[in-house]
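*Asks:* The UniProt record's numbering puts the sequence shown at residues 1 to 148. Heads up, the beta-carbon is just placed ideally off N, CA and C, and yes, glycines get one too. Treat the numbers as computed from the prediction; the structure is a model and nothing was measured.
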Amino acid sequence: MSITIRPYQQEDKQILLDILQLNVPTYFAQEEVDDLALYLDQYLDLYYVALDNDKIIGAAGINRNFEKEFASLSWGFLHPDYHRKGTGSLLLKHRLDILKPDHRIKTIQVRTSQVVYRFFEKHNFEVIETQEDYWAKGLDLYVMRLKY
């Protein structure tokens, strides 16, 4: 396994939508596939694709609001074959390495679910809010903030 990370390109879109679909319903609600398509078309800030050799295996993004000194980690997901193999940690580290030196950003936050929040806890995020059935029935919202 030789993982590399590069910036998103428009031609990656369909592959990423297909990978996200593989994570429904365990990690994402079905409606979120359309939400990702809209995000990729209209709301991108910084977005990165993970590859194993030259095969796209996942992606993860950053959305920054400099006025509020705030960044949100957005739309991180992997092909199920790459779960629990360190690839998610590589994508997270890549994004944090971009954000931490940027003194315009004081807060880094992620909105995730009860299925994934322990991953972020291991990386020094703390839960600041939860909301039951937010994403879909059985998929709760966990808002987490990085302690640094």
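Roughly how many angstroms separate the alpha carbons of residue 195 and Met144, rounded to a whole number?
*Replies:* No answer is possible for residue 195: the residues shown for the chain start at 1 and end at 148.
*Asks:* Counting only the same chain and skipping the five closest in sequence on each side, list residues whose C-beta sits under 6 Å from that of Ile5.
*Replies:* Looking up residue 5 in the sequence shown gives position 5. Excluding residues within five positions, the ones whose Cβ falls inside 6 Å are Tyr48, Ala50 and His94.
*Asks:* For Tyr39 and Ile57, what's the separation of their Cα atoms in angstroms?
*Replies:* On the sequence shown, position 39 is the one that residue 39 refers to. On the sequence shown, position 57 is the one that residue 57 refers to. So the alpha carbons of these two residues sit roughly 19 Å apart.
*Asks:* Report all residues from its chain with a CB closer than 8 Å to the CB of residue 160; omit the five preceding and five following residues, and keep chain order.
*Replies:* Limits of the chain in this structure are 1 at one end and 148 at the other, which puts residue 160 out of reach.
*Asks:* In this structure, how does DSSP classify Tyr134 when only helix, strand and coil are distinguished?
*Replies:* Looking up residue 134 in the sequence shown gives position 134. Note: Tyr134 maps to strand in three-state DSSP.
*Asks:* Going by DSSP, what residues sit across from Gln109 in a beta bridge?
*Replies:* By 1-based counting over the sequence shown, the position of residue 109 is 109. According to DSSP, which records beta bridges pairwise, Gln109 is partnered with Ser72 and Arg145.
*Asks:* If you reduce the DSSP assignment to three classes, tell me which class Asp35 lands in.
*Replies:* If you number the sequence shown from 1, residue 35 lands on position 35. Asp35 falls in the helix class under three-state DSSP.
*Asks:* Assuming the contact rule is C-beta atoms closer than 8 Å, Phe70 and Ile15 should be a hit. Round their C-beta distance to whole Å, please.
*Replies:* In the sequence shown, the residue the question calls residue 70 occupies position 70. In the sequence shown, the residue the question calls residue 15 occupies position 15. That belief does not hold up - the Cβ atoms of Phe70 and Ile15 are roughly 30 Å apart, past 8 Å.
*Asks:* Am I right that Asp34 and Ile62 are in contact with their C-beta atoms under 8 Å? What's the rounded C-beta distance?
*Replies:* If you number the sequence shown from 1, residue 34 lands on position 34. If you number the sequence shown from 1, residue 62 lands on position 62. Rounded, the Cβ-Cβ distance is 21 Å, inconsistent with contact.
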